[in-house]
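Protein chains: 2
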Amino acid sequence: MEARILRGPQPRGREKLARLIEWLHWVIAEAELYDVRYPVKGAYVWRPYGMKIRRNVEAAMRRLLEETGHGEVLFPVFIPYEFFAKESEHIRGFEEEVFWVTKGLQEGESRLVLRPTSETAIMPMFKLWIRDHTDLPYKVYQIVSVFRAETKMTHPLIRLREISMFKEAHTAHVDREDAERQVREAVDIYRRFFDELAVPYLISRRPDWDKFAGAVYTIAFDTVLPDGRALQIGTVHYLGTNFSRVFEVTYLTPDGRHELVHTTSYGISERSIAAMLAVHGDDRGLVLPPSVSPYKLVIVPIFYSDEEYAAMVQASRGLASELQAAGISAIIDERRDKTPGWKYHYWELLGVPLRVEIGRRDVEEGRVVIARRDTLEKVSVPRGSVVDHVRSLLSEVQENLRREAWQRLSASIKRVETLEDARVVVGEERAVAEVPWNGRDECGVKLQDAVDANALGVPLDRDPDVGGYDLRDPICGDRATYWLRIARRY
Amino acid sequence: MEARILRGPQPRGREKLARLIEWLHWVIAEAELYDVRYPVKGAYVWRPYGMKIRRNVEAAMRRLLEETGHGEVLFPVFIPYEFFAKESEHIRGFEEEVFWVTKGLQEGESRLVLRPTSETAIMPMFKLWIRDHTDLPYKVYQIVSVFRAETKMTHPLIRLREISMFKEAHTAHVDREDAERQVREAVDIYRRFFDELAVPYLISRRPDWDKFAGAVYTIAFDTVLPDGRALQIGTVHYLGTNFSRVFEVTYLTPDGRHELVHTTSYGISERSIAAMLAVHGDDRGLVLPPSVSPYKLVIVPIFYSDEEYAAMVQASRGLASELQAAGISAIIDERRDKTPGWKYHYWELLGVPLRVEIGRRDVEEGRVVIARRDTLEKVSVPRGSVVDHVRSLLSEVQENLRREAWQRLSASIKRVETLEDARVVVGEERAVAEVPWNGRDECGVKLQDAVDANALGVPLDRDPDVGGYDLRDPICGDRATYWLRIARRY
Chain A
0 MEARILRGPQ PRGREKLARL IEWLHWVIAE AELYDVRYPV KGAYVWRPYG
50 MKIRRNVEAA MRRLLEETGH GEVLFPVFIP YEFFAKESEH IRGFEEEVFW
100 VTKGLQEGES RLVLRPTSET AIMPMFKLWI RDHTDLPYKV YQIVSVFRAE
150 TKMTHPLIRL REISMFKEAH TAHVDREDAE RQVREAVDIY RRFFDELAVP
200 YLISRRPDWD KFAGAVYTIA FDTVLPDGRA LQIGTVHYLG TNFSRVFEVT
250 YLTPDGRHEL VHTTSYGISE RSIAAMLAVH GDDRGLVLPP SVSPYKLVIV
300 PIFYSDEEYA AMVQASRGLA SELQAAGISA IIDERRDKTP GWKYHYWELL
350 GVPLRVEIGR RDVEEGRVVI ARRDTLEKVS VPRGSVVDHV RSLLSEVQEN
400 LRREAWQRLS ASIKRVETLE DARVVVGEER AVAEVPWNGR DECGVKLQDA
450 VDANALGVPL DRDPDVGGYD LRDPICGDRA TYWLRIARRY
Chain B
0 MEARILRGPQ PRGREKLARL IEWLHWVIAE AELYDVRYPV KGAYVWRPYG
50 MKIRRNVEAA MRRLLEETGH GEVLFPVFIP YEFFAKESEH IRGFEEEVFW
100 VTKGLQEGES RLVLRPTSET AIMPMFKLWI RDHTDLPYKV YQIVSVFRAE
150 TKMTHPLIRL REISMFKEAH TAHVDREDAE RQVREAVDIY RRFFDELAVP
200 YLISRRPDWD KFAGAVYTIA FDTVLPDGRA LQIGTVHYLG TNFSRVFEVT
250 YLTPDGRHEL VHTTSYGISE RSIAAMLAVH GDDRGLVLPP SVSPYKLVIV
300 PIFYSDEEYA AMVQASRGLA SELQAAGISA IIDERRDKTP GWKYHYWELL
350 GVPLRVEIGR RDVEEGRVVI ARRDTLEKVS VPRGSVVDHV RSLLSEVQEN
400 LRREAWQRLS ASIKRVETLE DARVVVGEER AVAEVPWNGR DECGVKLQDA
450 VDANALGVPL DRDPDVGGYD LRDPICGDRA TYWLRIARRY
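So the sequences go chain by chain: A and B.
First residue of the first sequence: 0, per numbering that gives the first Met the number 0; consecutive thereafter.
First residue of the second sequence: 0, per numbering that gives the first Met the number 0; consecutive thereafter.
In structure tokens, the structure reads:
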């Protein structure tokens, strides 16, 4: 498989990305992914190219959930207010954030909440579905719209009033041990999911003051966007018996006792797509991981006459069907009124991983040119081995995107010991600081204020404890036990 | 492929089905498709087996729409009231039926309507997306939840307050001619969709008093359920410039003029699934068309000892992987604590098209037994040719369901000439009557009242005119021009 290098790796501009929200507005408009001009705040429109990407992302998630025994369900959007209000912490956390429906109700009907999350919709059904220990664990998921009456500034894909791609899983278990095993399974599923999107992540146990309303504890996945802000991209909650107690969801044990189930829930949204676009994109536009790119490659026939056009299009179609037969989805840009240069820019904007150029000389020499979107490299390969080259280049692109994104993430986490250093890391270097912490809420909250940042929590993906080091909590001054991650956050 | 008949076609009981709503409640509960116990009227829960069927139905629809150049989009649930109210006929038709959100809004924000259909959400975006004639036709679709504040009795899958599987397509065209070409394309897509579900249909042009609010005209697909009532299962609307005028959606013609686009919309919902379940089901439960059945066949190993269990399960797995390799999804019921008879009933309830039984004698003789869900026939076939037998049986089942359902539909349409006969056909025979009609609204409306039925409209799938016959409108007494279909309707 002799390949001739025509152009080596090129530096990719990522300046625009530093102004992330601006870049996101630009790229979703130019690539026609998503439209922010819909006349309701925080509610946007997915366009066909965006939907194709989204469907591939959903399929990846579905596959992981089905493989691990989750059944897909679909619950109503409406939750009766009295169900929504049953769990006191939950209602306290969400009450200000929900939309209510008041017109259209039946006489005497309770007001209806548009679900902001579905624990309180699902528990009454778990009560009906779960009878005895042989029914457990019970694992379901759905991909739905949820609603949050956001008063803050909304941003496409990131902060929404209608979150239209909320994948929420809900599970019930015989005891805490099995529920915590499920928490670990969920964390593992999310790792594999983000690995498929080549999105790097931090896994942290959220501090108690920032856990999900109604949870015993919350484990969160965050990534760091090119502007240095952390973005929460997934959460896993151990809910204990907080919900099962108020909804009376019990099961019969083998020895005939009724016990409360322990439940968990875990969610992912279109923020996963925002993260994927932002961590890989550049000044030319999208750079999609091959795993979820709607087209793995685009073929651009190069022609200077009608005769050449016919011949090059024919050569392109031959190649496309060969690739198709090998399971590689290719698209041919046959437009006659656009120049090759225009098309290169167009497909770079759309983030298609590989571009194949077929011109007269290539055909005569029995070769084709392949350009990589990620490194902008160009190689010339023999026509006979294109499929093999494409296949190995696609896995190289996937791996390269993953590796580079992880390197950037790692470079943006810094352990510091003083408040001053924490401020420099978060404020000037726009990175995530890990700061010694005594584990007490009041000291952590004060630290947030002092640094003007949010605590992401205690690391779960590296040593959470300061270990034998005699480190001090920089706020309260006493001996520190943990590292606490802090960062500016979306 | 020598097959030995062990049992010929059996009569299938369809008595329960005559009480359709009861049967539907029974089957969706027993087969765990769908749960009606959710605590909001007209809002139900899809369970995993139901979701698997639904996903296959959606995939069939998506394939047909993508093949014909429709791009998938996703619009917000919220429509600002002032947009919703722009088209006067539309708001008049839907105003009483919509849910409003009033809590959770921003200061000064217009009240938000939960979409009952999306014309008024999509038009403001068409205005932004469509510039000149080269952008047309513009064809999009989405599969979403829509909301109707139904005051009538709700029924699972059939009459809902949250319709959770609303496939709506919206298109824009240069002129009436192209829009009407699209109407014919939509009718053709729906034909192919219902053919895939083996659901028979009547195609009628709805009378003006029953067209979609805002349409120039509406073409509807209806099927006849086993209780004799017609169910509307799809509609196609030509909207003219009614919506483009109020939303100012224009395009630039080649000679530089601004013209209004002509639009269409067409919808299908989970009623398509209700129809599929009802037209094929029987007293034992579901009978699923192979085209959308989550499992094409179930393998039941027959055993009377531990040793036999191991051997039969092994034989079953060998067969399952052979079938899998041939692209036929099979499931093995390996449960030890259930008898074969129990399992037969279970999988019959779930409607799996074929059942393969593998017992010791079968293995010794090198044969397997295949039972058909539709005819309850049993044949014994050589082990070596199972895959071929299964493949041809699956297409026979599909074809047989289609043929039988169409026969029943045809038998339930009767042409009559007098009011008395119409009453007998609709009231006693529980069928659809085609009655001569002069084409005037007031005579048609009176006919509905006189027969206590609804007009489905003028046939488009057979000759709509009475032709040369000198037939009289039975209400108004003058000469009839058309046939008008009338029936009791859901």
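Backbone N, C-alpha and C define an ideal beta-carbon position, used for all residues, glycine too.
A:Gly92 bridges to which residues according to DSSP? Translated into the one-based positions of the first sequence, residue 92 of chain A becomes position 93. BP columns for A:Gly92 are empty, so no partner.
Same chain only: Cβ atoms within 6 Å of A:Val143, ignoring 5 sequence neighbours per side: Looking up residue 143 of chain A in the first sequence gives position 144. Excluding the 5 residues flanking it on each side, A:Val143 has same chain C-beta neighbours closer than 6 Å at Phe165, in chain order.
CB contact check: A:Pro75 to chain B, cutoff 7 Å: In the first sequence, the residue the question calls residue 75 of chain A occupies position 76. Answer yes: the Cβ-Cβ gap between A:Pro75 and chain B drops below 7 Å somewhere.
Return no unless some Cβ of chain B is closer than 7 Å to the Cβ of A:Val72. Here the question's residue 72 of chain A lines up with position 73 in the first sequence. With 7 Å as the cut-off, A:Val72 counts as an interface residue toward chain B.
Within 7 Å (strictly less), CB to CB, does A:Leu23 reach chain B? Residue mapping note: residue 23 of chain A aligns to position 24 of the first sequence, counting from 1. The beta-carbon of A:Leu23 is placed no less than 7 Å from the nearest beta-carbon of chain B.
Taking only beta carbons into account, state which residues of the segment 118-129 of chain A come closer than 7 Å to chain B, listed in chain order. In summary, the residues of the segment 118-129 of chain A whose CB is separated from some CB of chain B by less than 7 Å are Pro123, Met124 and Leu127, in the order they occur in the chain.
Compare the beta carbon distance of A:Leu287 and A:Gln9 with 7 Å and say whether it is the shorter of the two. By one-based count along the first sequence, residue 287 of chain A stands at place 288. By one-based count along the first sequence, residue 9 of chain A stands at place 10. The answer is no: Cβ separation not under 7 Å.
Taking Cβ to Cβ, would you say B:Val97 is nearer than 7 Å to B:Pro115? The residue given as residue 97 of chain B occupies position 98 in the second sequence. The residue given as residue 115 of chain B occupies position 116 in the second sequence. With contacts defined by Cβ atoms closer than 7 Å, B:Val97 and B:Pro115 form a contacting pair.
Bridge-paired residues (DSSP) for B:Trp45: Here residue 45 of chain B refers to the residue found at position 46 of the second sequence. A:Leu73 and B:Tyr33.
Under the criterion of a Cβ to heavy atom distance below 6 Å, does B:Asp254 qualify as lining the ligand ZN? Because no ligand of any kind appears in the structure shown, any question about the ligand ZN cannot be addressed here.
Quick one, which of B:Gln397, B:Leu259 and B:Glu66 has its alpha-carbon nearest B:Asp531's? The requested residue 531 of chain B is not part of the displayed model; chain B covers only 0 to 489.
Let's test the definition: count the other Cβ atoms within 10 Å of the Cβ of B:Glu269 and tell me whether it reaches 16, buried, or not, exposed. Within the second sequence, the letter at position 270 stands for residue 269 of chain B. Burial call: buried.
Is B:Ala486 near B:Ala84, with beta carbons less than 7 Å apart? For this step, residue 486 of chain B is matched to residue 487 along the second sequence. For this step, residue 84 of chain B is matched to residue 85 along the second sequence. With contacts defined as CB atoms closer than 7 Å, B:Ala486 and B:Ala84 fail to qualify as a contacting pair.
For the segment 407-436 of chain B, enumerate the residues whose C-beta is nearer than 7 Å to any C-beta of chain A, in chain order. Within the segment 407-436 of chain B, no residue has a Cβ that lies closer than 7 Å to any Cβ of chain A.
Just tell me which of B:Asp448, B:Asp440, B:Ser409 and B:Ala319 has its CA closest to the CA of B:Gly426. Residue 426 of chain B sits at position 427 when you count from the first residue of the second sequence. Ranked by Cα distance from B:Gly426, the options B:Asp448, B:Asp440, B:Ser409 and B:Ala319 are led by B:Asp448.
Output yes if chain A places a C-beta closer than 7 Å to the C-beta of B:Pro352; else output no. Taking the second sequence and counting its residues from 1, one reaches residue 352 of chain B at position 353. Not one chain A Cβ lies under 7 Å of B:Pro352.
Between A:Asp460, A:Tyr43 and A:His89, which has its C-alpha nearest A:Ser409's C-alpha? Against the first sequence, residue 409 of chain A aligns to sequence position 410. Out of A:Asp460, A:Tyr43 and A:His89, A:Asp460 has the C-alpha closest to the C-alpha of A:Ser409.
Does A:Tyr33 come within less than 7 Å of chain B when only Cβ atoms are used? As a working mapping, residue 33 of chain A is identified with position 34 in the first sequence. Not one chain B Cβ lies under 7 Å of A:Tyr33.
Short check: CB of B:Glu179 to CB of B:Arg283, under 7 Å? As a position in the second sequence, residue 179 of chain B is number 180, starting the count at 1. As a position in the second sequence, residue 283 of chain B is number 284, starting the count at 1. No, the pair does not count as a contact, with Cβ atoms beyond the cut-off.
Buried or exposed for A:Arg175, going by 16 or more other Cβ atoms inside 10 Å? One-based indexing of the first sequence puts residue 175 of chain A at position 176. By the neighbour-count rule (16 or more Cβ atoms within 10 Å), A:Arg175 is not buried but exposed.
Can you give me the C-alpha to C-alpha distance between A:Thr249 and A:Val72, rounded to a whole angstrom? The residue labelled residue 249 of chain A in the question sits at position 250 within the first sequence. The residue labelled residue 72 of chain A in the question sits at position 73 within the first sequence. For A:Thr249 and A:Val72, the gap between their C-alpha atoms comes out near 21 Å.
Endpoints, beta strand (DSSP E) assigned at A:Gln141: On the first sequence, position 142 is the one that residue 141 of chain A refers to. That run of the beta strand (DSSP E) goes Tyr137 to Phe146.
Roughly how far, in whole angstroms, is the beta-carbon of A:Arg13 from the beta-carbon of A:Asp281, given that I think they are within contact range, below 8 Å? In the first sequence, counting from the first residue as 1, residue 13 of chain A sits at position 14. In the first sequence, counting from the first residue as 1, residue 281 of chain A sits at position 282. For a cut-off of 8 Å, the C-beta gap from A:Arg13 to A:Asp281 is around 5 Å, short enough to register as a contact.
In the DSSP output, which residue or residues are listed as bridge partners for B:Phe165? Taking the second sequence and counting its residues from 1, one reaches residue 165 of chain B at position 166. B:Phe165 is bridged by DSSP to B:Val143.
B:Ser243 in three-state terms, based on DSSP: Within the second sequence, numbered from 1, the residue matching residue 243 of chain B stands at position 244. B:Ser243: helix per DSSP, three-state reduction.
Is it buried or exposed for A:Gln105, if we count other Cβ within 10 angstroms and need 16 for buried? Here residue 105 of chain A refers to the residue found at position 106 when the first sequence is read from its first residue. In this structure A:Gln105 is exposed. Its beta-carbon is surrounded by fewer than 16 other beta-carbon atoms within 10 angstroms.
How big is the Cα-Cα spacing for A:Ala277 and B:Gly266? Your numbering for residue 277 of chain A matches position 278 in the first sequence. Your numbering for residue 266 of chain B matches position 267 in the second sequence. Rounded to whole angstroms, the separation of the alpha carbons of B:Gly266 and A:Ala277 is 36 Å.
As assigned by DSSP and simplified to three states, the class of A:Asp207: Position 208 of the first sequence, counted from the start, is the residue given in the question as residue 207 of chain A. Shown here, A:Asp207 sits in a helix according to DSSP, grouped into three states.
If you follow the alpha helix (DSSP H) that A:Ala212 is in, where does it begin and where does it stop? Locating residue 212 of chain A in the first sequence gives position 213, where the first residue counts as 1. In the DSSP assignment, A:Ala212 falls outside any alpha helix (DSSP H), carrying neither H nor E.
Along the chain, where does the alpha helix (DSSP H) containing A:Lys126 start, and where does it finish? On the first sequence, residue 126 of chain A is found 127 positions in, with the first residue counted as 1. Segment Glu118 to Trp128, the alpha helix (DSSP H) holding A:Lys126.
Suppose you measure from the CA of A:Leu32 to the CA of B:Lys377; what does that come to, to the nearest Å? As a working note, residue 32 of chain A is residue 33 in the first sequence. As a working note, residue 377 of chain B is residue 378 in the second sequence. Distance between the alpha carbons of A:Leu32 and B:Lys377: 53 Å.
If you measure between the beta carbons of A:Leu483 and A:Trp436, is that distance less than 7 Å? Position 484 of the first sequence, counted from the start, is the residue given in the question as residue 483 of chain A. Position 437 of the first sequence, counted from the start, is the residue given in the question as residue 436 of chain A. Yes, the Cβ-Cβ distance between A:Leu483 and A:Trp436 is below 7 Å.
Would you verify that the beta carbon of A:Met50 is, or is not, closer than 7 Å to some beta carbon of chain B? Taking the first residue of the first sequence as 1, we reach residue 50 of chain A at position 51. Judged by the 7 Å Cβ criterion, A:Met50 is in contact with chain B.
With DSSP as the reference, label A:Lys151 as helix, strand or coil. Residue mapping note: residue 151 of chain A aligns to position 152 of the first sequence, counting from 1. In this structure, DSSP gives A:Lys151 a state outside helix and strand, which the three-state scheme calls coil.
For B:Val112 and A:Ser163, the rounded distance between their alpha carbons: The count along the first sequence starts at 1 and reaches residue 163 of chain A at position 164. The count along the second sequence starts at 1 and reaches residue 112 of chain B at position 113. Each residue's CA atom was taken as its position, placing A:Ser163 and B:Val112 some 17 Å apart.
How close, in whole Å, do the beta carbons of A:Ala168 and A:Ile232 come, if the pair is a contact with beta carbons under 8 Å? By 1-based counting over the first sequence, the position of residue 168 of chain A is 169. By 1-based counting over the first sequence, the position of residue 232 of chain A is 233. Not really, about 15 Å apart at Cβ, beyond 8 Å.
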